[in-house]
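Protein chains: 2
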Amino acid sequence: MDNILIDPNIKSENDYKRLVEIFGVKELNDNIINLLYDIVGDLHVLIRRRFFYAHRDFDILLNEYNNGKKFFLYTGRAPSKSKMHIGHLIPFIFTKWLQDKFDVNLYIQIPDEEKYWEKKADNYSEIKEYAIEDAKTIASVGFNPDKTFIFINSEYIDHLYKPAIYIAREINLNTAKNVFGFDDESTIGLPFYIALQIVPTFFENGVPLIPCGVDQDPYFRLQRDIAPKFGYNKASTILSKFVWGLQGPYTKMSASDPKSAIFIDDDYDTIKEKINKYAFSGGKPTLEEHRKYGGNPDIDVSYFWLSVLFEEDDKKLFEIREKYIQGELTTGELKSYTIEKIWSFIKEIQDRRKNININKYMYDGKLAKEMWDWEFEL
Amino acid sequence: MDNILIDPNIKSENDYKRLVEIFGVKELNDNIINLLYDIVGDLHVLIRRRFFYAHRDFDILLNEYNNGKKFFLYTGRAPSKSKMHIGHLIPFIFTKWLQDKFDVNLYIQIPDEEKYWEKKADNYSEIKEYAIEDAKTIASVGFNPDKTFIFINSEYIDHLYKPAIYIAREINLNTAKNVFGFDDESTIGLPFYIALQIVPTFFENGVPLIPCGVDQDPYFRLQRDIAPKFGYNKASTILSKFVWGLQGPYTKMSASDPKSAIFIDDDYDTIKEKINKYAFSGGKPTLEEHRKYGGNPDIDVSYFWLSVLFEEDDKKLFEIREKYIQGELTTGELKSYTIEKIWSFIKEIQDRRKNININKYMYDGKLAKEMWDWEFEL
């Protein structure tokens with residue numbers, strides 16, 4: 203079903219650059235990153251390491267923010283028939299940082315129809331269960347419960363439908379096919395779903411800022427054609443790369459292949475086993491050779507994950523890199539270090555998840571309450 | 203926009219027969235009509251005159267009814283940016299008769315998104331206004347307020363959406379295009395709308411019986427492929443022909459052309475003027491010729507309307523026909539008679555409409571209340 207949404211088919215860093223050109227977005231350059239730093243006095247590791255690497259109008263948004271213009275955050279997660287893995291959390295982790303720094307409202311859409319309409323699950327109720335589980339996992343990232351609204355489409359449709367009526371009228375099947383790669387075998391729900399994903403950009407009058415995987419940009423490219431017609435702001439996006447699966451560079455971390463992914467609910471032993479057993483290594487086959495020739499961090503999955511997110515200390519990461527290249531640090535040592543880092547991250551989420559008050563995010567927190575009273579008006 | 207829904211393009215009675223073949227439905231024959239008569243002891247004029255002329259499984263439904271199987275009624279009206287004319291009321295008049303005779307529940311869908319997605323209106327709020335006005339007009343036909351639920355899609359979407367998620371998965375764009383004539387210029391809402399029109403056939407476990415214009419059959423042909431997968435009954439339909447417009451045989455009564463249509467809110471003088479001025483006549487140009495050669499009732503719009511609905515007395519209709527053919531009855535006399543008949547019909551609707559308690563049908567009648575608590579479960 204890779205034709206259902208554009209499959210970015212990333213095999214190298216060059217492919218990410220290629221997407222920038224195809225989508226007509228811009229790379230996040232030093233100027234923008236400095237602008238962000240000037241405002242918040244800090245830079246998240248996902249930005250510093252350029253895992254979020256491209257954007258639409260994020261520079262304009264920051265400049266306008268300096269002049270008093272409001273923005274709000276919007277992102278989402280389409281539940282499927284499997285659990286969330288660490289790759290799925292990336293946009294949420296960065297989004298939480300943005301919310302903390304800018305103290306803005308955040309809307310999180312859980313479209314429980316999308317994957318069912320993509321026929322990625324045979325059973326809708328199965329997806330619905332994951333929708334609620336995913337909502338809890340996402341909330342456990344630690345968003346501000348009074349400024350965050352998590353909603354499941356089928357539950358919140360009463361509020362989504364009216365704006366979707368307007369938006370759906372502005373998009374024809376031709377556009378849906380060209381932009382998303384749908385074809386005549388696609389179910390009739392999928393083209394309509396485009397409208398539903400755009401709706402939350404109309405939740406406030408400020409600029410919607412959407413941190414998401416680069417593959418989601420087409421939705422918001424369309425949004426930008428439509429929003430001004432209804433007096434709403436064009437969406438700004440910050441776009442991330444994709445995490446590698448355990449199998450090696452540019453493999454997919456796939457929820458349907460447990461050997462490729464580390465799930466948010468994996469326990470310590472499982473994580474340890476997966477990384478030790480499956481994480482592709484840039485080390486040499488024998489300790490002797492490794493000491494002599496050194497390892498290659500650039501193809502090493504453990505190193506990749508440290509560099510993306512789990513080793514926030516730039517100095518420390520550089521040290522690891524150098525020692526690995528020199529053969530001083532072994533694959534076993536690198537993996538052990540990575541296991542501890544990932545576990546400490548996951549444990550924090552798991553601990554928060556045990557006591558999460560999901561109702562605050564979905565129904566009775568300050569923003570959630572407001573949104574259950576929200577009505578779209580033009 | 204004639205490609206949006208199949209345009210039946212009816213130019214003769216043969217074209218109605220052609221549709222029966224294309225759609226794979228059956229003509230209503232004497233056996234079925236006798237079966238109906240045996241059960242209810244009566245026949246509505248729209249059946250007697252074969253204005254409802256075709257069906258799917260209506261015979262099976264009646265036989266099963268005799269064996270205790272339940273059915274319910276479902277029909278609808280897509281509001282546009284103009285008022286309802288007498289042609290629009292035809293399915294409702296017959297539906298009321300069925301409800302009276304069988305004492306069954308009736309669901310009436312008012313899809314306020316369809317015509318907007320067809321781009322037949324530029325302004326959604328305009329359509330929404332007509333939706334409410336149309337609901338009142340329809341209710342004024344006199345349905346049982348405790349067994350009738352009239353709902354506007356955008357208001358009732360919270361209940362429609364979940365079954366629509368299931369139904370939309372079973373239909374692909376290819377089918378939507380083949381069955382309804384959509385093309386890639388169609389908006390993304392229209393294919394999805396198919397699912398919404400099918401949803402009410404899942405409101406009860408009995409057989410849905412749908413009296414409607416023959417052009418609506420494709421929706422329910424699809425329904426019949428889908429319903430059994432979810433344990434629901436295949437829809438049965440009773441299909442009507444279309445009323446002629448004032449301009450003559452097989453012209454359209456079009457709400458957007460006031461010279462072609464008699465509206466439900468037209469006053470006596472307007473009806474009189476329209477029929478006298480515009481109703482195509484089968485009479486001869488001069489009184490002299492008319493007396494000599496007689497008129498042709500078969501191309502006469504006034505006579506057509508009497509024969510379809512407004513002259514229920516078969517003997518009287520035959521008398522009119524004969525006198526017109528003989529030239530005994532003049533065009534002016536025929537028109538006068540038709541004007542009085544139509545006015546007495548419309549006045550009754552208008553009088554009921556003045557005091558209609560639309561809330562009973564939409565929100566707080568017995569069935570309406572039940573339906574606002576209804577949740578789709580599989």
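From first to last, the protein sequence lines are chains G and S. One gets the numbering used here by counting positions in the first sequence from 1 and adding 202 to each. One gets the numbering used here by counting positions in the second sequence from 1 and adding 202 to each. By construction, the Cβ of each residue, glycine as well, lies at the ideal position given by its N, Cα and C atoms.
query: Beta-carbon separation (whole angstroms), G484/G vs Y505/G, contact threshold 8 Å; result: 7 Å
query: Local conformation of W545/S per DSSP, three classes; result: helix
query: The segment 287–298 of chain G contacting the segment 454–462 of chain G, beta-carbon criterion three pairs below 8 Å; result: yes
query: Segment contact, 8 Å Cβ cut-off, at least three pairs: the segment 216–234 of chain G with the segment 384–399 of chain G; result: no
query: Span of the beta strand (DSSP E), counted from its first residue to its last, around A463/G; result: Segment: none, A463/G is in no beta strand (DSSP E) and carries neither H nor E.
query: Ranges of the alpha helix (DSSP H) found wholly within the segment 209–266 of chain S, counting only runs of at least 4; result: 215–225, 232–242, 247–250
query: heavy atom of the ligand ADP below 7 Å from V416/G C-beta; result: Absence of the ligand ADP is noted for the structure shown, with no ligands found whatsoever.
query: K584/G vs F465/G beta-carbon contact at 8 Å; result: For residue 584/G there is no data in the structure shown, the boundaries of chain G being 203 and 580.
query: Cut-off 6 Å between Cβ atoms - residues of its own chain near D459/G, not counting five sequence neighbours on either side; result: none
query: Chain-ordered neighbours of D386/G on chain S, where CB pairs are closer than 8 Å; result: N374, L375, N376, K379
query: DSSP bridge partner residues for V409/G (one or two, in chain order); result: F273/G
query: T403/S at chain G interface by Cβ criterion, 8 Å; result: no
query: Under the three-state DSSP convention, the category L519/G falls into; result: helix
query: Span separating the alpha-carbon of E315/S from that of F274/G; result: 29 Å
query: Reference A378/S; option with closest CA among Q425/S, I527/S, V416/S, I359/S; result: Q425/S
query: Spatial neighbours of S462/G in its chain, beta-carbon cut-off 7 Å, leaving aside the 5 residues before and after; result: G447, L448, Q449, T453, K454, M455, S456
query: Minimum Cβ-Cβ distance from K364/G to chain S less than 8 Å; result: yes
query: Alpha-carbon to alpha-carbon, Q399/G and E490/G; result: 54 Å
query: Environment of E372/S [buried if 16+ CB atoms lie within 10 Å]; result: buried
query: Chain G within 8 Å of P210/S, Cβ atoms only; result: no
query: Extent of the continuous beta strand (DSSP E) run through F506/G; result: Careful: F506/G lies outside any beta strand (DSSP E), inside the alpha helix (DSSP H) at 503–507.
query: F353/S versus P347/S: straight-line alpha-carbon distance, rounded; result: 13 Å
query: Reference D502/G, options K517/G, T532/G, I473/G, closest by Cα; result: T532/G
query: Under 8 Å from the C-beta of F394/G: neighbouring residues of chain S; result: A370, I390, G391, P393, F394
query: Other residues of its chain near S342/G: CB distance less than 6 Å, five sequence neighbours each side excluded; result: I551, R554, R555, I558
query: Identity of the residue in E215/S, E223/S, D515/S, E542/S nearest L245/S by Cα; result: D515/S
query: Sequence-distant residues of the same chain with beta carbon closer than 6 Å to I206/G, five excluded per side; result: For I206/G, the predicted structure reports a pLDDT of 33, less than 50, and the residue's modelled location is therefore unreliable. A value from the coordinates is still provided. Cβ within range, chain order: E320.
query: Min CB distance M573/S to chain G below 8 Å; result: no
query: Beta-carbon gap between F405/S and Y309/S smaller than 8 Å; result: yes
query: Delimiting residues of the beta strand (DSSP E) encompassing S442/S; result: 438–442
query: DSSP state of T453/S mapped onto helix, strand, coil; result: coil
query: Integer Cβ distance of V227/G from L441/G, believed to fall under 8 Å; result: 6 Å
query: Min CB distance A397/S to chain G below 8 Å; result: yes
query: Residues in the segment 347–360 of chain G having any Cβ partner in chain S nearer than 7 Å; result: S356, I359, D360
query: Euclidean distance between Cα positions of N325/S and G270/S; result: 47 Å
query: Residues near D468/G by beta carbon distance below 8 Å, same chain, minus five either side; result: K476, I548
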